[in-house]
Amino acid sequence: MQDEPTPIELTKSVADFLRNDITPLISGHQAFKLRVAINILDLVTRQLTREEGSDAAEVERLRALLGEDGSVKELNRALAERIAKGEVDLATPGLAEHLWATTMDKLAVDQPNYASYRRELGRGG
Amino acid sequence: MIEAELSRSVQRWCKGATGVTGAAKLSGGASQETWRFDITHPDGPIGAILRRSPKGYGAAPTRAAGLAAEAQLMQLAFEAGLPSPRVMHVLVPEDDLGTGFIMQRVEGETIARKILRDDEYAAARPHLARQIGGILAGLHRLPKDKLPELRSRGASQEISEFERDYRSLNWPKPVFELALRWLRDHDPGPSAETTLVHGDFRNGNLIIGADGVRAVLDWELAHLGDPMEDLGWVCVNSWRFGEIDKPVGGFGTREELFAGYEAAGRKVDPARVEFWEVMGTLRWGIMCGGMMQRFREGPDHSMERAMIGRRASETEIDLLRLLAPRGS
Numbered sequence: 001m002q003d004e005p006t007p008i009e010l011t012k013s014v015a016d017f018l019r020n021d022i023t024p025l026i027s028g029h030q031a032f033k034l035r036v037a038i039n040i041l042d043l044v045t046r047q048l049t050r051e052e053g054s055d056a057a058e059v060e061r062l063r064a065l066l067g068e069d070g071s072v073k074e075l076n077r078a079l080a081e082r083i084a085k086g087e088v089d090l091a092t093p094g095l096a097e098h099l100w101a102t103t104m105d106k107l108a109v110d111q112p113n114y115a116s117y118r119r120e121l122g123r124g125g
Numbered sequence: 001m002i003e004a005e006l007s008r009s010v011q012r013w014c015k016g017a018t019g020v021t022g023a024a025k026l027s028g029g030a031s032q033e034t035w036r037f038d039i040t041h042p043d044g045p046i047g048a049i050l051r052r053s054p055k056g057y058g059a060a061p062t063r064a065a066g067l068a069a070e071a072q073l074m075q076l077a078f079e080a081g082l083p084s085p086r087v088m089h090v091l092v093p094e095d096d097l098g099t100g101f102i103m104q105r106v107e108g109e110t111i112a113r114k115i116l117r118d119d120e121y122a123a124a125r126p127h128l129a130r131q132i133g134g135i136l137a138g139l140h141r142l143p144k145d146k147l148p149e150l151r152s153r154g155a156s157q158e159i160s161e162f163e164r165d166y167r168s169l170n171w172p173k174p175v176f177e178l179a180l181r182w183l184r185d186h187d188p189g190p191s192a193e194t195t196l197v198h199g200d201f202r203n204g205n206l207i208i209g210a211d212g213v214r215a216v217l218d219w220e221l222a223h224l225g226d227p228m229e230d231l232g233w234v235c236v237n238s239w240r241f242g243e244i245d246k247p248v249g250g251f252g253t254r255e256e257l258f259a260g261y262e263a264a265g266r267k268v269d270p271a272r273v274e275f276w277e278v279m280g281t282l283r284w285g286i287m288c289g290g291m292m293q294r295f296r297e298g299p300d301h302s303m304e305r306a307m308i309g310r311r312a313s314e315t316e317i318d319l320l321r322l323l324a325p326r327g328s
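Residue numbers (UniProt numbering), protein chains in the order written: chain A, 1 to 125; chain B, 1 to 328.
What follows is the structure, encoded as structure tokens:
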């Protein structure tokens with residue numbers, strides 16, 4: 001077991017330092033790049049916070065949908081193949097709900113301000 | 001510096017020009033650059049833009065039409081009375097500037113978010129969707145016998161090409177698979193008519209002023225194909241920049257776009273437009289994957305490229321909204 005602070009806390013401290021202390025000192029293209037850097041650290045923090053829970057739920061759904069076991073990556077590959085072969089489609093019970101839940105979990109990490117995501121979140125997640 | 005070469009160049013083809021000032025690079029990828037500068041002239045400075053591949057970058061990527069073709073298309077559009085910069089000079093070897101062209105600079109805004117939010121464009125915004133319809137009709141009517149040599153792409157070929165690009169990423173994405181199946185099942189086949197297709201006509205590639213669209217830019221993906229492709233691409237949610245209820249670039253409705261297109265004497269096929277909107281959404285998603293791959297494998301190891309890789313999920317939610325919409 002590793003010591004603390006956790007990676008989430010450490011990453012967040014760097015993001016906050018760059019945001020609060022460095023941003024006011026930088027202008028022009030470097031300021032743009034600094035914003036991108038802060039966005040990356042914020043994304044990493046969101047992923048570290050959420051990934052374990054969302055992956056576990058995704059694996060649960062994939063197991064039920066596919067009737068097989070594996071890692072989240074293996075099961076995604078299996079689902080992709082079945083859709084490509086036409087064995088699974090939107091008429092398959094649970095597929096649409098699974099893809100929606102998985103995609104919402106991804107947007108929550110990647111782009112929580114994306115307008116389509118905000119709209120769908122308003123429908124109840 | 002580039003100003004020395006530009007000064008020598010303009011004195012050869014611009015009557016009265018004595019040199020250039022204020023050369024500044026606006027954007028630059030590995031193979032293509034855009035510069036702004038002013039031509040010094042007794043009648044007053046002339047604003048100009050250089051678009052070029054620097055020396056040593058001869059070959060364009062396979063999908064690109066090439067800078068010579070771009071120059072020819074922009075000039076054709078200009079001559080047809082469409083909003084397009086006038087091409088002033090196509091580079092020749094003695095310019096010592098690489099390959100490309102110099103065009104008249106059109107003042108205005110290209111940054112989509114500013115166009116959608118700033119007061120300066122408030123009066124123009126309600127008219128843009130319809131105006132874009134009219135411009136696209138004009139582009140699709142450019143005389144085919146005057147076009148440069150361009151690749152030809154129909155719906156079926158595009159699906160196969162995107163599928164190949166996607167598979168080469170080795171990036172299993174169930175939503176993309178679903179979209180590929182949908183596209184195959186809804187492939188409208190060859191279009192009744194093949195025209196020039198701009199290929200990247202969208203908010204972000206248009207110069208807009210308080211009076212509306214002033215210029216159409218970035219012809220590098222121009223090809224021959226289904227004219228409805230341009231109408232679908234301009235509606236892709238990624239180019240609405242948050243204004244998701246206004247499908248045409250965040251400006252207005254499909255009905256306004258279609259009305260502008262038909263008022264200019266061309267017919268719209270809404271089912272084909274929808275097909276190309278789904279295709280376009282997937283296309284941008286796969287391009288995001290390509291950015292991720294280039295970030296990983298170099299040479300562009302930039303943070304910006306890395307983060308574009310993380311935007312693929314935006315196209316996944318947009319594909320789901322198109323193909324598996326949830327009830328309100």
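All residues carry an ideal CB built from backbone N, CA and C; glycine is no exception.
By how many angstroms is the C-alpha of residue j removed from the C-alpha of residue i?
i: Phe32(A); j: Ala80(B); result: 39 Å
i: Tyr114(A); j: Ile244(B); result: 10 Å
i: Ala23(B); j: Asp38(B); result: 7 Å
i: Pro190(B); j: Glu161(B); result: 16 Å
i: Arg184(B); j: Arg77(A); result: 20 Å
i: Ala4(B); j: Leu73(B); result: 28 Å
i: Asn203(B); j: Arg153(B); result: 23 Å
i: Val312(B); j: Ile286(B); result: The residue you asked about is not Val; residue 312(B) is Ala in the sequence shown. Distance between the alpha carbons of Ala312(B) and Ile286(B): 7 Å.
i: Ser238(B); j: Asp69(A); result: 35 Å
i: Val216(B); j: Asp165(B); result: 28 Å
i: Gly16(B); j: Pro42(B); result: 7 Å
i: Leu43(A); j: Leu82(B); result: 43 Å
i: Arg123(A); j: Arg167(B); result: 33 Å
i: Ile46(B); j: Met103(B); result: 10 Å
i: Leu121(A); j: Phe241(B); result: 18 Å
i: Lys55(B); j: Leu97(B); result: 7 Å
i: Ala68(B); j: Gln32(B); result: 13 Å
i: Ala60(B); j: Leu169(B); result: Low confidence applies to Ala60(B): its pLDDT is 48, below 50, so where it sits in the model is not reliable, and the reading given next is rough at best. For Ala60(B) and Leu169(B), the distance between alpha carbons rounds to 21 Å.
i: Ile26(A); j: Ser53(B); result: 31 Å
Is residue i near the ligand NAP, judged by its Cβ being under 7 Å from some heavy atom?
i: Asp185(B); result: Summarising the ligand content, the structure contains no ligands, and the ligand NAP is consequently not present.
Tell me the DSSP secondary structure of residue i in three-state form.
i: Ala56(A); result: helix
i: Lys267(B); result: coil
i: Lys55(B); result: coil
i: Lys25(B); result: strand
i: Phe275(B); result: helix
i: Val36(A); result: helix
i: Ser152(B); result: strand
i: Gly252(B); result: strand
i: Gln47(A); result: helix
i: Lys15(B); result: coil
i: Val92(B); result: coil
i: Met213(B); result: Correcting the residue identity first, residue 213(B) is Val in this sequence and not Met. Three-state result, Val213(B): strand.
i: Ala60(B); result: In this predicted model, Ala60(B) has a pLDDT of only 48, less than 50, meaning its place in the structure is not dependable; the value taken from the coordinates is given anyway. Looking at Ala60(B) - three-state DSSP - the assignment turns out to be coil, as it is neither helix nor strand.
i: Trp35(B); result: strand
i: Gly140(B); result: The question names Gly, yet the displayed sequence has His at residue 140(B). Helix at His140(B).
i: Ala48(B); result: strand
i: His223(B); result: strand
i: Gly189(B); result: coil
i: Glu161(B); result: helix
i: Leu107(A); result: helix
Apart from the five residues on each side of it in sequence, which residues of its chain come closer than 6 Å, Cβ to Cβ, to residue i?
i: Val273(B); result: Met228, Leu231 and Gly232
i: Leu322(B); result: Val278
i: Ala179(B); result: Leu282 and Leu319
i: Phe258(B); result: Val268
i: Leu61(A); result: Position check: residue 61(A) holds Arg in this sequence, whereas Leu was assumed. His98.
i: Leu50(B); result: Trp35 and Ile102
i: Ala271(B); result: none
i: Ala71(B); result: Val87, Val90 and Phe101
Which residues in the same chain have their Cβ closer than 7 Å to the Cβ of residue i, if we skip the five residues on either side of it in sequence?
i: Met291(B); result: Arg305, Ile308 and Gly309
i: Thr102(A); result: Glu58
i: Gly138(B); result: Ala80, Leu82 and Ala264
Quick one: residues in its chain with C-beta nearer than 8 Å to the C-beta of residue i, no 5 flanking neighbours on either side, listed in chain order?
i: Leu41(A); result: Thr11, Lys12, Val14, Ala15 and Leu18
i: Leu65(A); result: Leu79, Val88, Thr92, Gly94, Leu95 and His98
i: Glu256(B); result: Ala129, Arg130, Gly133 and Val248
i: Phe78(B); result: Ser84, Pro85, Arg86 and Val87
Can you list the residues of chain C that residue i reaches, using a CB-CB cut of under 9 Å?
i: Ile22(A); result: Here chain C cannot be found, since the structure's protein chains are A and B.
Q) Can we say the segment 97-104 of chain A touches the segment 218-232 of chain B, given the rule of at least three CB pairs closer than 8 Å? A) no
**Q.** Contact between the segment 188-200 of chain B and the segment 160-176 of chain B (3+ Cβ pairs under 8 Å)
**A.** no
Q. How about the segment 244-255 of chain B and the segment 124-133 of chain B: do they share at least three Cβ pairs that are nearer than 8 Å?
A. yes
**Q.** Interface positions of the segment 28-56 of chain A facing chain B (Cβ-Cβ less than 9 Å), listed along the chain
**A.** Phe32, Lys33, Val36, Ala37, Asn39, Ile40 and Leu43
Q.
Does the structure place the segment 128-142 of chain B close enough to the segment 85-94 of chain B that three or more beta carbon pairs sit under 8 Å?
A. no
Q. Given 8 Å as the limit, is there contact between the segment 109-124 of chain B and the segment 207-215 of chain B, that is, 3 or more CB pairs closer than that?
A. yes
Q: Report yes or no: do the segment 80-88 of chain A and the segment 19-38 of chain A share at least 3 C-beta pairs separated by less than 8 Å?
A: no
Q.
Against chain A, which members of the segment 160-179 of chain B pass a CB distance test of less than 7 Å?
A. Pro172, Lys173, Pro174, Val175, Glu177 and Leu178
(Q) Counting only Cβ-Cβ distances shorter than 9 Å, please list the residues of the segment 68-98 of chain B near chain A, keeping chain order. (A) none
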